[in-house]
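Engineer:
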Amino acid sequence: MHRILIVDDEPNIVLALELLMKKEGFEVHAVDDGEKAFHALGEFQPDLVLLDIMMPKMDGYEVCQRIRADASLKNVRIVMLTAKGREVEKEKGLALGVDLYITKPFSTREVVSKVKELLTVMPDR
Amino acid sequence: MLQQWIILLVSFGYLGILFAIAYYGDKRADAGRSIISNPYIYTFSIAVYCTGWTFYGSVGRAASTGVGFLPIYLGPTLAATVWWFVLRKIIRLSKVNNITSIADFIASRYGKSSVIGGLVTVISIVGIMPYIALQLKSISSSFNVLFHYNSQNVSELGAGHDTALYVALVLAVFSILFGTRHIDVTERHEGMVAAIAFESIVKLLAFSAVGIYVTYMMFDGPKDLFRQAALEPEIARLMTMEPLPGGYASWLALTFISMTAIMFLPRQFQVLVVENVNEKHVRTASWLFPLYLLAINIFVLPIAFAGLMFFHAGSVDADMFVLTLPLKAGDEALALFVFIGGLSAATGMVIVETIALSTMLCNDLLMPVLLRLKLLRRDDMGRTLLIIRRGGILLILLLGYLYFRLIGESYALVTIGLVSFTAAAQFAPAILLGIYWKGVSRRGALAGLAGGFAVWAYTLLLPSFAISGWIPTSFVEPGLFGIFELGPYHLFNLTGFDPITHSVFWSMLFNVGLMVGVSLFGRQEALDQLQAAMFVDVYKKRVIDRADAPLWHGKTKVNDLKGLVTRMIGAERADAAFRSYALRHSLVFHDDSLADESLIAFAERELAGTVGAASARVMVSSIIEGEALSIEGLMKVLDETSQVIEYSHRLEQKSRELEAATSELKRTNERLKELDRMKDEFVSTVSHELRTPLTSIRAFSEILQDDANMDPQQRQQLLRIVVKETERLTRLVNQVLDFTKIDSGSYQWAHEKLDLVSVVQESAAATSQLSQNKNISITRESPQRPVLVFGDKDRLVQVIINLLSNAIKYCAQDTGKVHIRLSCADDKARIEVLDNGPGIAPSERERIFERFHQLDDSSKSKPHGTGLGLAICKTIVENHNGRIWVESNQPNGSNFVFTLPLLADSR
Chain A
1 MHRILIVDDE PNIVLALELL MKKEGFEVHA VDDGEKAFHA LGEFQPDLVL
51 LDIMMPKMDG YEVCQRIRAD ASLKNVRIVM LTAKGREVEK EKGLALGVDL
101 YITKPFSTRE VVSKVKELLT VMPDR
Chain B
1 MLQQWIILLV SFGYLGILFA IAYYGDKRAD AGRSIISNPY IYTFSIAVYC
51 TGWTFYGSVG RAASTGVGFL PIYLGPTLAA TVWWFVLRKI IRLSKVNNIT
101 SIADFIASRY GKSSVIGGLV TVISIVGIMP YIALQLKSIS SSFNVLFHYN
151 SQNVSELGAG HDTALYVALV LAVFSILFGT RHIDVTERHE GMVAAIAFES
201 IVKLLAFSAV GIYVTYMMFD GPKDLFRQAA LEPEIARLMT MEPLPGGYAS
251 WLALTFISMT AIMFLPRQFQ VLVVENVNEK HVRTASWLFP LYLLAINIFV
301 LPIAFAGLMF FHAGSVDADM FVLTLPLKAG DEALALFVFI GGLSAATGMV
351 IVETIALSTM LCNDLLMPVL LRLKLLRRDD MGRTLLIIRR GGILLILLLG
401 YLYFRLIGES YALVTIGLVS FTAAAQFAPA ILLGIYWKGV SRRGALAGLA
451 GGFAVWAYTL LLPSFAISGW IPTSFVEPGL FGIFELGPYH LFNLTGFDPI
501 THSVFWSMLF NVGLMVGVSL FGRQEALDQL QAAMFVDVYK KRVIDRADAP
551 LWHGKTKVND LKGLVTRMIG AERADAAFRS YALRHSLVFH DDSLADESLI
601 AFAERELAGT VGAASARVMV SSIIEGEALS IEGLMKVLDE TSQVIEYSHR
651 LEQKSRELEA ATSELKRTNE RLKELDRMKD EFVSTVSHEL RTPLTSIRAF
701 SEILQDDANM DPQQRQQLLR IVVKETERLT RLVNQVLDFT KIDSGSYQWA
751 HEKLDLVSVV QESAAATSQL SQNKNISITR ESPQRPVLVF GDKDRLVQVI
801 INLLSNAIKY CAQDTGKVHI RLSCADDKAR IEVLDNGPGI APSERERIFE
851 RFHQLDDSSK SKPHGTGLGL AICKTIVENH NGRIWVESNQ PNGSNFVFTL
901 PLLADSR
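Just so you know, the protein sequences line up as chains A and B, in that order.
To convert, note that position 118 of the first sequence is 118 in my numbering; the numbers rise steadily by one, no gaps.
To convert, note that position 842 of the second sequence is 842 in my numbering; the numbers rise steadily by one, no gaps.
1. Which chain B residues sit within Cβ distance under 7 Å of G93 (chain A)?
2. Bridge partners for S823 (chain B) per DSSP, in chain order?
3. For Y56 (chain B) versus L293 (chain B), is the C-beta spacing smaller than 7 Å?
4. Contact criterion: CB-CB distance below 7 Å. Does L732 (chain B) meet it with respect to chain A?
5. Terminal residues of the continuous beta strand (DSSP E) containing Y101 (chain A)?
6. Is the distance from the Cβ of L325 (chain B) to the Cβ of T121 (chain B) below 7 Å?
7. May I ask you to report which of helix, strand or coil DSSP gives I393 (chain B)?
8. Compare the C-beta of S861 (chain B) with all C-beta atoms of chain A and state if any pair is closer than 7 Å.
9. Just to confirm the assignment, what range does the beta strand (DSSP E) spanning H29 (chain A) have?
10. Quick one: residues in its chain with C-beta nearer than 7 Å to the C-beta of Q152 (chain B), no 5 flanking neighbours on either side, listed in chain order?
11. Does any C-beta atom of chain A lie closer than 7 Å to the C-beta of L694 (chain B)?
12. Quick one: what does DSSP say I471 (chain B) is sitting in, helix, strand or coil?
13. Using a Cβ-Cβ cutoff of 9 Å, what residues of the segment 789–819 of chain B are near chain A? List them in chain order.
14. Counting contacts by CB-CB distance shorter than 7 Å, is P11 (chain A) in contact with chain B?
15. Determine which residues of the segment 710–743 of chain B have a Cβ less than 7 Å from any Cβ of chain A, and write them out in chain order.
16. State yes or no: is the beta carbon of K104 (chain A) nearer than 7 Å to at least one beta carbon in chain B?
17. So, does the CB of K753 (chain B) fall closer than 7 Å to a CB anywhere in chain A?
18. At the level of alpha carbons, what is the spacing between G417 (chain B) and G609 (chain B)?
19. For R86 (chain A), return the contacting residues in chain B, with the cut-off set at a CB-CB distance below 7 Å.
20. On the premise that G444 (chain B) lies in contact with M515 (chain B), defined as a C-beta separation below 8 Å, what is that separation, rounded to the nearest angstrom?
21. Let's test the definition: count the other Cβ atoms within 10 Å of the Cβ of S114 (chain B) and tell me whether it reaches 16, buried, or not, exposed.
22. By the three-class DSSP mapping on this structure, what secondary structure does P901 (chain B) have?
23. Taking Cβ-Cβ distances shorter than 8 Å, what residues in chain B pair up with S107 (chain A)?
24. Quick one, are the C-beta atoms of V271 (chain B) and S45 (chain B) less than 7 Å apart?
25. Verify the CB distance criterion: does R677 (chain B) have a CB-CB separation below 7 Å to chain A?
26. Tell me which residue opens and which closes the beta strand (DSSP E) that D794 (chain B) is part of.
27. Just how far apart, CA to CA, sit A47 (chain B) and A295 (chain B)?
28. Nearest to V588 (chain B) by CA position, among B:E606, B:V558, B:V338, B:R691, is which residue?
29. Let me know if W749 (chain B) comes out buried or exposed under the rule of 16 or more other beta-carbons within 10 Å of its beta-carbon.
30. May I ask you to list, following chain order, the residues of the segment 749–777 of chain B that have a beta carbon less than 8 Å from some beta carbon of chain A?
31. Please list, in chain order, the chain B residues whose beta carbon lies closer than 8 Å to that of L20 (chain A).
32. Just to check my reading of the structure: S358 (chain B) and I393 (chain B) have Cβ atoms closer than 8 Å, yes? What is that Cβ distance to the nearest angstrom?
33. Grouping DSSP H, G and I as helix and E and B as strand, with all else coil, what is N297 (chain B)?
34. Give every residue of the same chain whose Cβ lies closer than 8 Å to the Cβ of G221 (chain B), excluding the five residues on either side of it in the sequence, and list them in chain order.
35. Can you tell me where the alpha helix (DSSP H) holding S908 (chain B) begins and where it ends?
36. Measure the C-alpha to C-alpha separation of L225 (chain B) and F311 (chain B) and round it to an integer number of angstroms.
Laid out in C-alpha cells, this is it:
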C-alpha cells in the first residue's frame with residue numbers, strides 16, 4: 001500500500017485530499033507546515049507528497065529542495081498543488097525536481113488519476 | 001705718439017673684419033645654417049647695451065660720483081629676472097605678428113594705428129638723437145686723444161667737430177652696408193647680429209685689458225690701488241654714497257629707467273625681440289647677460305681712482321681715463337687696443353640703432369603718409385623702400401651730429417645718455433600695460449605717449465638747448481615766462497630732485513596717468529579690442545589662430561594680392577609664400593579667383609614683415625574694393641561670436657534641464673514600475689486568496705457528486721464547508737470592491753455625529769470570536785464621557801476591526817494580548833491598538849499603509865490578507881481629516897494609532 005503525505009496549511013483542502021486518497025486505498029498522513037512535513041518524511045516514509053507552496057515556516061519550494069537533496073528520499077514523488085498559477089512559479093517547481101505541478105482549484109479526478117499514474121511504476125510495499 | 005695713418009688703418013681694418021663677419025653671417029643664414037642661433041651669441045648681441053657711454057662714460061661718472069655709475073647696470077640685471085615671463089611674451093607676440101620694430105609693436109597692439117606708430121617713431125628719433133651724439137663724441141674724442149696726446153696740452157684736447165662729422169659719415173656708410181644691403185628688408189639681420197656679438201667680446205676684452213693693466217702694472221693689485229686712493233680725501237669721499245647727486249631718489253630713478261631701457265630702447269628691442277631666433281635663448285640670456293655687465297664694470301672704480309690719482313683735477317677729461325692712463329704709462333699698443341674696444345662699443349650701438357630707427361622711420365612714419373597721399377608708384381616699391389631706409393640712416397646720423405655740434409660740448413657722456421634713457425622709458429607703460437591689460441585703448445596709449453614725451457622734451461631736451469645757449473637761459477631759471485613753477489627743473493614747485501629724476505617722475509606720472517585715465521573713461525574701438533585681446537592672450541592657441549583671420553570686408557583678386565606682395569618682397573619669396581599657403585590650406589589658386597579673408601590676412605602679415613603692421617594695412621586696403629575694415633562688419637562678426645557663445649550657453653542650460661527632466665522621469669518610471677510590480681503582486685495574491693476557497697468548494701462538490709452513497713452525516717459536514725468557503729469568497733470579493741470604490745473616490749460617505757466609545761465597543765465585540773479562537777484577550781480603555789466626532793460609522797468600525805484582527809493575527813496563540821485605548825488630547829480623538837506581537841521594522845512602518853504592500857515574511861508565516869486592509873484604513877482615516885501611523889509598543893509589539901478631529905461640543 002502506497003503512502004501519501006499531504007502538506008497544506010488550509011484545513012479544508014487537507015480534508016478533501018485525505019478523503020480522495022483514502023478512498024483510493026492509500027495510507028495518508030497530513031501536516032500543515034513545511035517543517036512538520038520534513039520531519040514526517042523520515043517517520044512516515046511516504047511514496048508521494050502532495051505539497052502546497054505558500055505555507056508557514058518553510059515553503060513548498062524549500063521542502064522540495066530538501067527532499068531532492070536527500071539521497072534516501074530519491075524515490076519520493078512530489079506533486080505540487082498550488083494556487084500560484086503563474087508560469088514562472090510552475091517552472092521553478094519543475095526545475096526543483098517536482099514530478100507534477102497542479103494548479104488550484106484542481107479537478108479531483110485528475111489529481112487521483114495522476115497520482116495513481118505516478119505510483120504505478122513503483123513497486124508496492 | 002701714434003701716427004694718424006696707423007690709427008685710421010687699424011680702425012678701418014677692424015671695420016673690415018666686422019664687415020667680413022657680417023657677410024659670412026648673412027651667407028650662412030641664406031644657406032639656412034644660422035650662426036646666431038645660439039643663446040651665447042644672443043646674449044653677446046644684447047650687450048650692445050654697453051656703448052661708448054659704458055666704455056668711456058662709466059669711468060667718468062665714477063670719477064665724479066663714485067658708485068653712481070652702477071644703477072645703469074643694476075636696472076638691466078633686475079629686469080633680466082623677469083625676462084622669461086615678460087620678454088618671452090613680447091617675442092611670441094612679435095613672431096606671431098611679424099613685428100619689425102618697437103614702433104610696429106606698439107602700433108600693432110593699439111589697433112594697428114599708424115598715428116601711434118608715427119608718434120613712437122618721432123619719440124625714438126628725437127629721444128635717441130642725444131644718444132647717437134654721445135657715440136660720435138666718444139669716438140671723435142678718443143680719436144683725438146689718441147692722435148694728439150702729449151702730456152703738455154691734454155687739457156686742450158676736445159672732440160673736433162670735423163672728426164665727428166667724418167665719423168658720422170663713415171658710420172652711416174657702414175650702417176647702410178650692414179643693414180640695407182638686400183633688396184628685401186624683411187629678413188632679420190643675421191650678419192649684423194653676428195658682428196655685434198663679436199664687438200661685444202672685443203669691448204669686454206679691451207676694457208678688461210686696461211683694467212688689469214692699471215690695477216696690476218701701474219699698481220700692485222686692487223688692494224694697493226684702493227689703499228693709495230683712500231689717502232686722498234677727494235677720492236675717499238667717492239667711496240661713500242654721499243656724492244651721488246639726488247641721493248636715493250636719483251638712484252631709484254636711474255635703476256628704473258635703465259630697467260626699461262634694456263628692453264625698450266629701439267636697438268635693444270631690435271636685438272632682443274626682432275632678431276631673436278629662438279624664445280628659449282631668453283633663458284640663458286637672463287643669467288648670462290647680468291654676468292657680462294658685472295665683468296665689464298668690475299674695473300670701473302679702479303680705473304677711475306687711478307685716473308684721479310695720476311692726473312690733477314680737471315687736467316684730463318675723466319671720460320677719457322681709459323685711454324689716457326695707458327698713454328701716460330707709454331703703452332701705445334694697449335691704448336690702440338682700448339681705442340678699438342671703444343670703437344666697437346660705439347659703432348655697435350650706432351649700427352643697430354640707426355638700422356632700427358630707419359626701419360621705423362620708413363615703415364611707421366613715411367610709408368603710411370606716402371601711401372595715403374598715393375605718392376608711391378606701386379611697381380618699384382621695394383626699391384623706394386630701400387632708398388628711404390638708406391636716407392633714413394644718413395638723416396639720423398646727421399641729426400645726431402647736429403645735436404653733438406649744438407649741445408655735445410656742454411655735457412658729460414653719461415648725462416647725455418640718460419636723457420635718451422628717459423625718452424625710451426616712455427614706451428614702457430604702453431607696452432607693459434598693453435600686454436597684460438586689455439583695457440588700454442588706442443586713445444589712452446596715444447595720450448600717455450604724447451604726454452610723457454611732451455614732459456620729457458620740456459624738462460630735459462629743451463633745457464639742454466638753453467644751457468648750450470641756443471635759447472635764452474631764463475627759460476631754465478627761473479622758468480618759462482619767468483614763472484618759477486614752470487621751470488623745467490622744478491615743475492610745479494617740485495624741488496630736491498636732480499633734473500633726470502625730476503623728469504622721470506613727471507613724465508611717468510603724466511604718461512601712466514593719461515594712459516589709464518583716458519582708457520578707463522573712453523570707449524575702445526573694434527580693431528583696438530581685437531588686437532588687445534590677441535596681445536594679452538597670446539599664449540592661448542585660439543587667439544593665435546585668429547591672428548590668421550583678422551576681418552577683411554571686401555574683395556580682391558588673388559592676382560592683385562600676389563602682385564602687391566611681389567612688389568614688396570620680391571617674386572621668388574612671394575611665390576614661395578603663396579605656394580606654401582596654398583599647400584597648407586589645400587587650395588589651387590587661379591589668378592582671377594577671388595581671395596578669401598584668410599588669404600588677404602595672410603598677405604597682410606607677409607607685408608607687415610616688411611613695412612610694418614600699420615603700412616601693410618593701408619597697402620592691402622588700397623587694392624581691396626570696398627571698405628578695408630568696416631567697423632559695422634567687425635561689430636557684426638563680434639556680435640555673431642557673442643551670439644554663438646550665448647547660444648551655446650543656452651544649449652548647455654537646455655541640456656542640463658533635459659538631464660534633470662530625464663532623471664525625474666527615471667524616478668517616476670521606477671516608481672511606476674514599483675507600483676506595477678505591486679499591482680501584479682496584488683493581483684497574484686488576490687487570485688491566490690480566491691483560489692483557496694474555490695479549491696475547497698470544487699473539491700468537495702466533486703466528491704459529493706462522485707459519491708452518491710456517502711453517509712448523510714458526512715455529506716452534511718462537507719456541504720457546511722462548501723457554504724462557509726463560499727462566504728469567505730464573498731468577503732474577499734467585497735473587500736476588493738470596497739477598496740476599489742474608496743480608492744477611486746466613488747464611495748458615498750454617510751457622515752454623521754458619532755460617539756467613538758460605542759464605535760470602539762462595537763468593533764471589539766465583532767472581533768471577540770476571532771480572539772477567542774486564539775485564546776487572546778482584548779482589553780478596552782475608554783473615557784467616561786462620550787467622544788464625539790463627525791464620521792461614517794460603518795467605515796470607522798471597519799478600520800478598528802481591521803486593526804484589531806491584524807493585531808490578533810500577529811499575536812501568538814494563548815499568550816497574545818491586545819489592548820484598545822480611546823482618549824482625547826487637545827482637539828483630537830485618539831484610538832490606539834496595541835499588541836505584543838513581533839512588531840514592525842522601522843523601515844516598513846511607512847510602507848505598510850501603501851496599497852498592495854505586504855510584509856515580506858512569507859518564510860515565517862503566510863500573509864493572511866489581501867494587502868488592502870491597511871491601505872483601506874488609511875484612505876478612510878484621511879477622508880475623516882485624521883491621521884494614521886504605527887509606533888513600536890515597548891518592549892515588543894506594535895501600536896497602531898489614528899486620530900480624528902473632535903467635534904466642538906466634545907472638547
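Cβ atoms here follow ideal geometry from the backbone N, Cα and C, with glycine treated the same way.
Structural biologist: Well, looking at it:
1. Those do not exist, as G93 (chain A) stays about 15 Å from chain B at its closest Cβ, beyond 7 Å.
2. Answer is B:R830.
3. no
4. no
5. Residues 100–103.
6. no
7. helix
8. In this prediction, S861 (chain B) has a pLDDT of 43, which is less than 50 and means its spatial position is unreliable; nothing more can be read from the coordinates.
9. 27–31
10. Since pLDDT at Q152 (chain B) reaches only 42, below the 50 mark, its modelled position is unreliable, and no value is offered.
11. yes
12. coil
13. none
14. no
15. I721, E725
16. yes
17. no
18. The straight-line gap from Cα to Cα measures roughly 31 Å.
19. S684
20. Taking a contact as a CB-CB distance under 8 Å, the pair M515 (chain B) and G444 (chain B) counts as one, their CB atoms being some 5 Å apart.
21. buried
22. strand
23. R698, E702
24. yes
25. no
26. That residue, D794 (chain B), is in no beta strand (DSSP E); its alpha helix (DSSP H) goes 793–810.
27. 12 Å
28. B:V558
29. Looking at its Cβ environment, which holds fewer than 16 other Cβ atoms inside 10 Å, W749 (chain B) is exposed.
30. Residues of the segment 749–777 of chain B with a C-beta less than 8 Å from any C-beta of chain A: none at all.
31. The contacting residues are A699, I703.
32. Indeed, because the Cβ distance is near 5 Å, the residues count as touching under 8 Å.
33. helix
34. T215
35. This structure does not reach residue 908 (chain B), given that chain B is present from 1 up to 907, and the question cannot be answered.
36. 15 Å
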